Amino acid sequence: MTDVAGAGTLQLQPVGQSRRIGRRLRRRKSFVVGVTGLTLIIGAAVLAPWLAPHDPMQQDLMATLLPPAWVEGGSPDFPFGTDALGRDVLSRMMYGARNSLLIAFFAVLIAASLGLAAGVTAGFSRSSMDALLMRMGDMQLAFPFILLAIIVLGVVTDRTALHIILVLGIPGWILYARVVRSRVLSEREKDYVTAAHAIGAGRSRQLRKYVLPAVWQVVLVIALLDFGFVILVESTLSFLGFGLTPPEPSWGSILAEGKRSMIVSPWLAVLPGLAIMLTVLAVNLTADGAADVLDPKLRKGVFRRRRQQDTGRQTVTADETGAVAQDDAAGTARRDDGPLLQVVDLHAEFPFDERSVYAVRGVSFAVDRGKTLGIVGESGSGKSVTALSILQLLDAPGRVTHGRVVFDGRDLTRIPDAEMSRLRGRQLGMIFQNPSASLNPVMTIGSQMVETIAAHQAGAGNRTDVARAALADVGIGDPDRVLRRYPFQLSGGMNQRVMIALAMIARPDLLIADEPTTALDVTTQAQVLEQLVAVTHDHDTALILITHDIALVHEYADDVIVMYAGRIFEAGPVRDVVRQPRHPYTKALLDSVPRADLEPNERLRAIPGELPDPSKPQPGCPFAARCAYVMDICRVEDPPLIEVAEHREAACHLPALPDAPPRAPSEVSV
Amino acid sequence: MALVVFGVVTIVFVLLRVAAGDPARLMNPPGQQEELVQLTRERIGTDRPIIEQYVDYVVGVFQGDLGTSFHGNQAVLTEVMAALPNTVALAVVTILVSSIIALALGIAAALRPNTALDRGVLVYVSIALATPSFWLAIILVLIFSVRLGWLPAIDMQGPQSFVLPVATLTVALTPVLIRTVRQSFLETLGDDHVRAARARGISERRVILVHGLKVAALPLITLVGIQAGLILAGSYVVESIFNWPGIGKLTLDAVAGRNFPMIQGGVLVAALVFVVVNFVVDLTYAVLDPRIRLGYR
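Line by line, the protein sequences give chains V and G. Counted the way my numbering counts, the first sequence spans residues 547 to 1216. Counted the way my numbering counts, the second sequence spans residues 125 to 421.
Put into C-alpha cells, the structure is as follows:
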C-alpha cells in the first residue's frame, strides 16, 4: 500500500516546475486567502505614509479615547477611534505594522542566513564541526529563548530596533540549520552530486547547482512559519514593555497602552490584537499551502485521510441492483452444500486525488470447507488486496467497487459494520506478513490474547488457561513466559506463532494467511508453516495461503489461483497446474523456482520486466510485454478466463502451451 | 542538561553585568551624589570585578544561597520558593486541561478526517496558533470580568482565579497538541497492528480507545515536555497580566527594577524546572512504553 501512495506523491521536475507549483497553489483556497490577506496587510504597511489619515504621533487632547467610527460617539475622521493621547488608532496601527513586519522580516532574514550557513557547513564538513554545531543547537533548543529575550531586552538601556531584530533573529538559526543539514547530507549522497564531485566540481559549484535548489523550498516554508512566530513574539515583548521605546508604535505597544484604558475603551486593546492575529493567520495559511505543495514529504499523510468505514463499502448503482438480486438467489445456496467462501467478480480500487489504482479487477474463486487454497503472484498482483477485501479491511481510501464475497451464505460486502466485526476473528481470521508489526507493541502477548478470548467468549474456563492452551496448540513450549512478553521481546517466528494462536482462538471456519513466512528466517519458515497447516487441519479450518512462492503452494495447497495485475491468470488443482501449466506466466513462475533436478549449468529463469502500472489500464493482455509466447492478438485483446479442462481455468489466447517458448526470455522486448 | 542550566545562568549573569547599565544609579534618585551611589554599589556588590562576583555567586548557588535582593533584604531563595508553587500549579492545571482537550479533539478529528468536525478542529488550531496570548487574556478579562463580572480579573483568590489564566494558556498550548494527537492517531490507525486487531475481531471501540490510544498518546507526552518552554514563556505573560504571584511575575518585576540577584534566581529556577520536566517526561515515557523500559532499540 505504501508504494502505491508513494507513487502518488508529487515529484518535482525542473521543467515546467514553477508553473505547475503555481497552479497547485492557486487551487488551494486557504493559500489564496492567506496570500491575499498578507498582501493587503503588507500593502497597508508599506503605503502607510500615503494612506494613513493622520500622523501617528500627532496628539489631540481635545479628542482622546474616541470610539471607532461605527460605535456611537465615533467620528469618521478617526475610523478606529483615538487613544488616551488623542492619536489616531488606525494610523498608529498602520505605522505599527511597518515596525512589526520590518522587525520580523529582518529577524527571519538573519535566522535564515545563519541557519543556512550553519546547515551547509555542518552538512559538508560532517565532522567535529558538524557535531559542535548540532550540539549547540540541541542546547539552545533545550531552553526557551523567549525568557532570555525578555531579560536581554528588559535590561538593555537604549533599546533600538536592531537590538530586537538580533535578539529575535539569532536564536532562530537552529530551525533552518537542522533541515538544511539533513537535506545537504541526503543530497550529497545522491549519485549525480557524487559524480559532480568526482569530475572535480568544487564545493561552491555543488552548493549552487545541487544543494541550494534542493533546500530553498523548505527554507522558504520554515521562514514563513518563523515569520508568523516572530511577529507574535515581538508583539508579546512590546506588550510587556520590552519592545521599541515609546512613542514609536508597534502592535504590541499600542495594545499595551490600550490596556491601561481598557475598561473605558476596550477597542484600544481589541483592534491591534485582531490585526496581529489576522496577520499571523494569513502568514500561517500561506506557509501551510506552500508546505503542502513545495515539500512532497509533508504530503504523505494525505492518502490516509479518508475514513475506513466510509469507504470500505461498495456503492450499488440502480441498474446493478437487479443483477445482484438475481445473483443472490443463486449465490446464497444452502449453507452446507455450497463452498464456504465464494468470491464473485471482485473489483477493488484505491481512488487517489489524481488517479485511481485498480488493484483488483474481476476476481472470482471459491474455497470449500477444510480445504487449502493457494494464491500466488508477485507483489502488486492484487492478492493482498483481495484478502483484505474479503475481511472488509481495506485501508482507506481503498474500496470494493463491485462484486460479492459470499461467506457461509452471506454477502460480506453488504452486511453492517458491527456484524462484520463480530464475524472477524470468530468465523474468519487473518494473519499478516509482518508478525512483529501486527501485534500491539505496547501490550503484552498475554493481554492481547486475553482481550481476544474475551471478545469471542472463546474456550471454557479461565482466560489465561485458554491462552496458555492456545499457545501450546501452535507448538510454543513455555506459554507462561511468552504470555508475559511484549512482541519486541520475541522473535519473528514466535510472534507469527502467537498470531496464528490468536487467529485460531475462536476456531474460525476460514483463515487467510497473507505471506505468513516471508518476513521470517529461512530456518523458521518451514516450522511456522507446518504449524499453521497442522493447526488449521486439526480444527478443520479452511486456509487461504497467499504467497509469491509457488513451491509452498505446491506443498500445502489443494487448489491454486495465479494472480497477475489484479486478475486471475490460471486456476485449478495444484498438482495439475504444476505438472502442466496452461498459462505462460504460471510456467515462468515455475521456471523461476530452484529445483534439485536442475542441471549444474542451467540457469534459473527470472521473469523479465515488471508489472504494468495498475493506475493505467491498457488494452490487451497485461502480461503481453513480458510474455515469451506473445502473439499479435495479445497486445490488442485481453483474453478472458475460460475453462480449459475439467476444473482448470486459464486466461490466455494460446489453447495449449508448447514445450519450449518460441524465443528465449532474454530476447523478450520489454 | 546540567550544562544547559550552567550555560544559561552564566550567560544571564554576564549579560546583566555588561549590557544592563548600572543598577546602583537606578536605585538612587537622579542627580544623587557620586559617593552615595558608590555606597549603594558597595552594598549590592557591583563595585567588585565581574569574575569575583561570578565566583561568589556560583559558590553561593552550590551552598543553596541565591543571594539577596538589591531592594530590601529578602533572600532570593525564599522569594523564589514562595513563587514557584504558584507557577507550577498554573502549569499543571494547564497541562491537564490541555491534554484532555487535545486528546478528545485530536482523536475525534482523526476518526472522521475531512468531515465538518475535522475541519472545525483544524480551523480552531489555525486560529489558536495565531492568537497572541496577552491579547486573549485581555479579551477574556474584558468579557468575563468586566462585562459579565463572573470571574476575578487579577490575583490568586481561590479556584475561580485559575479559570482565565488557564484558559489563556490552554489556547496557546492546545493547537500544537491537537495537531500531534490527530496526526499520530491517523498514523496509528493505519498501523499493521490496528488492522490485525480488527482482523481478530476486537471491537472498534476497544481498537480506538485501547490499541490506538496506547500508541498514539506517546508523542503527546514528549510534546508536552518540549512545550514546557512555551508554557513557561506563556506563564510570564499570563502572570504579568493576571498579577499572578509566580516565577514569571517575579522575574519580570526584577527585570524592570534591574534586581540582578532576583533575575538570576528566576532564570536559574526556570532552567531547573525545565530540566526536571524533561526528566519526568523521559520517565513517564519509559513507564508507558515497554520498548524503552525494557531496553529495546
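Where is the CB? At the ideal position from N, CA and C, for every residue including glycine. Computed from a prediction, not measured in an experiment: that's the story for all the values here.
Bridge partner(s) assigned by DSSP for residue i
i	result
isoleucine 1189 of chain V	Looking at the sequence provided, one finds glutamate at residue 1189 of chain V rather than isoleucine. Per DSSP, V:Glu1195.
methionine 1109 of chain V	V:Ile1114
phenylalanine 911 of chain V	V:Val889
tyrosine 904 of chain V	V:Glu895
leucine 1056 of chain V	V:Leu974, V:Ala1088
threonine 1064 of chain V	For threonine 1064 of chain V, which the question treats as bridged, DSSP gives no partner whatsoever.
aspartate 957 of chain V	V:Val952
Run of the beta strand (DSSP E) containing residue i, from where it starts to where it stops
i	result
glycine 774 of chain V	First-last for glycine 774 of chain V: 758 to 785, but that is the alpha helix (DSSP H), not the beta strand (DSSP E).
arginine 1113 of chain V	1113 to 1119
glutamine 888 of chain V	887 to 897
threonine 990 of chain V	Counting along the chain, threonine 990 of chain V falls outside any beta strand (DSSP E), and DSSP gives it neither H nor E.
glycine 700 of chain V	From DSSP, glycine 700 of chain V is part of no beta strand (DSSP E) but of the alpha helix (DSSP H) over 691 to 701.
phenylalanine 268 of chain G	Where phenylalanine 268 of chain G is concerned, there is no enclosing beta strand (DSSP E), given that its DSSP letter is neither H nor E.
leucine 1089 of chain V	1088 to 1093
valine 952 of chain V	945 to 953
Amino acids of chain G, ordered along the chain, whose beta-carbon sits closer than 9 Å to that of residue i
i	result
phenylalanine 1048 of chain V	Correcting the residue type first, residue 1048 of chain V is leucine in the shown sequence and not phenylalanine. Within 9 Å Cβ-Cβ: Ala320, Arg324.
methionine 1040 of chain V	Per Cβ cutoff of 9 Å: no residues; methionine 1040 of chain V is ~15 Å from chain G at best.
methionine 808 of chain V	Ile262, Val265, Leu266, Val270
Beta-carbon neighbours of residue i, restricted to chain G and to distances below 8 Å
i	result
valine 701 of chain V	Leu139, Leu140, Ala143, Ala144, Gly145, Val379, Arg382, Ile387
leucine 714 of chain V	In chain order: nothing, as chain G lies at least about 13 Å away.
Extent of the continuous alpha helix (DSSP H) run through residue i
i	result
alanine 643 of chain V	635 to 671
isoleucine 387 of chain G	384 to 412
leucine 241 of chain G	240 to 254
methionine 682 of chain V	674 to 687
histidine 600 of chain V	Taken as a continuous stretch (DSSP letters only), histidine 600 of chain V belongs to no alpha helix (DSSP H), as it is neither H nor E.
glycine 920 of chain V	Run containing glycine 920 of chain V: none in the alpha helix (DSSP H); it sits in the beta strand (DSSP E), 918 to 922.
glutamine 284 of chain G	284 to 313
aspartate 377 of chain G	371 to 380
asparagine 210 of chain G	200 to 235
leucine 347 of chain G	337 to 350
histidine 317 of chain G	316 to 323
glycine 131 of chain G	126 to 143
proline 1025 of chain V	1025 to 1030
Cβ-based neighbour list, residue i, same chain, cut-off 6 Å, excluding 5 preceding and 5 following
i	result
alanine 323 of chain G	none
phenylalanine 953 of chain V	Leu887
glycine 1039 of chain V	Leu1066, Thr1070, Val1074
aspartate 874 of chain V	In this predicted model, aspartate 874 of chain V has a pLDDT of only 42, less than 50, meaning its place in the structure is not dependable; the value taken from the coordinates is given anyway. Closer than 6 Å at the Cβ level, and outside the excluded window around aspartate 874 of chain V, lies no residue.
serine 927 of chain V	Met1109, Tyr1110
isoleucine 175 of chain G	none
arginine 915 of chain V	Leu886, Ala1088
alanine 1134 of chain V	Ile1153
Chain-order list of residues whose beta-carbon lies under 7 Å from that of residue i (same chain, five-residue window excluded)
i	result
arginine 1043 of chain V	Val1020, Gly1021, Ile1022, Val1074, Gln1077
valine 132 of chain G	Val391, Ala395
phenylalanine 258 of chain G	Val361, Ile365
Contacts of residue i in chain V (Cβ-Cβ under 9 Å)
i	result
leucine 418 of chain G	Tyr1032, Phe1034, Gln1035
arginine 330 of chain G	Glu997, Ala1001
Within chain V, partners of residue i - CB distance below 7 Å
i	result
aspartate 413 of chain G	Val988
glycine 230 of chain G	Those do not exist, as glycine 230 of chain G stays about 14 Å from chain V at its closest Cβ, beyond 7 Å.
histidine 335 of chain G	Asn986
glutamate 363 of chain G	Simply none; closest approach about 11 Å.
alanine 394 of chain G	Leu693
glycine 131 of chain G	Met685
Same chain only: Cβ atoms within 8 Å of residue i, ignoring 5 sequence neighbours per side
i	result
serine 223 of chain G	Leu301, Leu344, Val348
valine 136 of chain G	Ile387, Gln388, Val391
Cross-chain neighbours of residue i in chain V, by beta carbon under 8 Å
i	result
aspartate 316 of chain G	Phe978, Asn980, Ala983, Ser984
leucine 127 of chain G	Met685
lysine 338 of chain G	Asn986, Val988, Met989
Neighbour list for residue i in chain G, Cβ cutoff strictly below 7 Å
i	result
histidine 1002 of chain V	Gly325
Under 8 Å from the C-beta of residue i: neighbouring residues of chain B
i	result
valine 136 of chain G	No chain B is part of this structure, whose protein chains are labelled V and G.
Short-range partners of chain G found in the region 770 to 785 of chain V, where Cβ spacing is below 8 Å | Gly774, Leu778, Ser781, Thr782, Phe785
Contact set between the region 812 to 831 of chain V and chain G, restricted to residues whose Cβ is under 9 Å from the partner = Pro812, Ala815, Val816, Pro818, Gly819, Leu820, Ile822, Met823, Leu824, Thr825, Val826, Leu827, Ala828, Val829, Asn830, Leu831
Chain-ordered residues of the region 929 to 950 of chain V with a beta carbon less than 7 Å from chain G = Leu937, Leu939, Asp941
Residues of the region 242 to 258 of chain G whose Cβ lies closer than 9 Å to any Cβ of chain V, in chain order = Asp242, Ser250, Ile251, Leu253, Ala254, Thr255, Pro256, Ser257, Phe258
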